[in-house]
Amino acid sequence: MADSVDELFAIRNLFSLGAYQTLINEVSSSRAPLSDAAKQEAKSYLYRSYIAQGKYNLVISELKDSQIPEQHAIRLLAIYLQAKSKGDNTNKETTVKRVTELLAESTNVVNSLVQLVAGTVLYNEGLLEDALKVLHHHGKNLEVRKRFTHYCEVYLKLEPGAIAGNNVLSSFMTIDRLDLARKEVAAAKQWSEDAMLAQLLEAWVDLRIGGDKYKEAFYIFEEFAQSHSANTVKVLNGQAVANIALARYPEAESLLLEALKI
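Note that numbering that gives the first Met the number 0 has the sequence shown beginning at 0, numbered continuously upward.
Structure below.
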């Protein structure tokens with residue numbers, strides 16, 4: 000895919016905003032010509048959207064015979080989340096091992112989607128340091144960057160002294176986690192200012208900074224809400240949190256009630 004053309008710009012935005020059913024409809028019905036790489040990535044977004052809807056069996060069944068690393072990782076994520084939801088610890092532990100083995104294979108260590116799946120699974124297992132190590136090499140992948148920033152904040156909050164001597168995390172030992180978040184946002188905006196995920200990341204960091212930044216976060220979510228396809232639980236929750244921060248409690252309650260109806 001040419002660097003100057005993002006064939007999946009709209010699809011990425013739908014996924015970032017949590018418009019999963021709209022994305023599913025778009026990918027399933029689209030007849031737009033795509034490069035082979037874009038077709039595979041669109042398929043990954045499709046199945047990740049099914050996972051977000053809790054349709055684990057569908058993903059597990061349809062990707063059963065896939066040998067593509069990204070699709071294999073997505074299937075393992077579905078298996079893991081299904082096992083976790085059912086309290087099936089045996090299957091869950093087996094899947095964690097399989098995800099770790101997949102990550103260790105060849106170039107999968109720097110495969111952004113395999114990284115995301117492995118980081119998500121390890122984080123859900125409470126293995127925060129291991130998740131950070133996996134996501135550390137995020138390059139210019141916004142999803143991995145966002146996940147890395149969030150997990151680093153959680154890790155530093157829970158284990159403020161544990162990073163000493165760790166080659167991957169030692170650089171953050173003397174950096175406040177909010178400063179790290181600001182740094183990640185600034186870096187992302189240098190090469191992806193128009194991407195919705197970058198804007199969402201900025202909005203959530205603004206909510207952490209507080210003060211005048213509350214209004215900036217509110218305006219970001221408000222702009223997203225103007226789009227019918229972006230009227231999602233994720234956006235409504237963001238608007239509600241911003242309103243709560245601004246002491247606009249009735250408005251926040253109304254938005255949360257609307258989110259419950261979706």
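Heads up, the beta-carbon is just placed ideally off N, CA and C, and yes, glycines get one too.
Rounded C-alpha distance that separates residue i from residue j
| i | j | result |
| --- | --- | --- |
| residue 197 | residue 90 | 35 Å |
| residue 12 | residue 60 | 27 Å |
| residue 243 | residue 17 | 21 Å |
| residue 67 | residue 210 | 46 Å |
| residue 74 | residue 246 | 42 Å |
| residue 87 | residue 96 | 15 Å |
| residue 104 | residue 82 | 24 Å |
| residue 35 | residue 26 | 14 Å |
| residue 30 | residue 50 | 24 Å |
| residue 28 | residue 256 | 32 Å |
| residue 223 | residue 106 | 36 Å |
| residue 130 | residue 108 | 12 Å |
| residue 126 | residue 253 | 37 Å |
| residue 101 | residue 79 | 14 Å |
| residue 132 | residue 110 | 14 Å |
| residue 171 | residue 52 | Unreliable placement is indicated for residue 171, whose pLDDT of 34 sits below 50; no coordinate value is reported for it. |
| residue 189 | residue 239 | 28 Å |
| residue 24 | residue 92 | 34 Å |
| residue 122 | residue 248 | 32 Å |
| residue 208 | residue 186 | 17 Å |
| residue 128 | residue 115 | 14 Å |
| residue 63 | residue 19 | 22 Å |
Beta-carbon contacts of residue i that lie in its chain and below 7 Å, excluding the five residues immediately before and after
| i | result |
| --- | --- |
| residue 241 | 206, 213, 216, 217 and 220 |
| residue 233 | 16 and 17 |
| residue 7 | 37, 40 and 41 |
| residue 199 | 15 |
| residue 124 | 95 |
6 Å Cβ shell around residue i - same chain, five flanking residues per side excluded
| i | result |
| --- | --- |
| residue 69 | 43 and 112 |
| residue 57 | 49 |
| residue 98 | 75, 117 and 120 |
| residue 250 | 242 |
Residue i versus the options, residue with shortest Cα-Cα distance
| i | options | result |
| --- | --- | --- |
| residue 77 | 46, 29 and 8 | 46 |
| residue 230 | 86, 132 and 261 | 261 |
| residue 5 | 38, 236 and 239 | 38 |
| residue 33 | 10, 121 and 199 | 10 |
| residue 85 | 63, 55 and 114 | 55 |
| residue 226 | 62, 195 and 248 | 195 |
Minimum Cβ-Cβ distance from residue i to chain B less than 8 Å
| i | result |
| --- | --- |
| residue 22 | Absent from the structure: chain B. Only one protein chain is present. |
Close-in-space but distant-in-sequence residues of the same chain around residue i (CB under 8 Å, 5 per side omitted)
| i | result |
| --- | --- |
| residue 65 | 71 and 74 |
| residue 175 | At residue 175 the pLDDT is 48, less than 50, meaning the model places this residue with poor confidence; the figure from the coordinates comes in the next sentence. Nothing listed; no residue qualifies. |
| residue 235 | 224, 254, 255, 257, 258 and 261 |
| residue 203 | 216 and 237 |
| residue 94 | 75, 78, 79, 82 and 120 |
| residue 181 | 204 and 208 |
Distance cut-off 7 Å: residue i Cβ against heavy atoms of the ligand GTP
| i | result |
| --- | --- |
| residue 130 | Among the components of this structure there are no ligands whatsoever, and the ligand GTP is therefore not found. |
Mind listing, in chain order, the continuous beta strand (DSSP E) runs of no fewer than 3 residues lying wholly within the stretch 14-38?
The DSSP assignment places no complete beta strand (DSSP E) segment of no fewer than 3 residues inside the stretch 14-38.
Length-filtered (4 minimum) alpha helix (DSSP H) runs lying within the stretch 27-99:
As for any alpha helix (DSSP H) of minimum length 4 sitting wholly inside the stretch 27-99, the runs are 35-51, 55-61 and 68-85, ordered along the chain.
Whole alpha helix (DSSP H) runs in the stretch 212-237 with 4 or more residues, listed along the chain?
Listed in chain order, they are 212-224.
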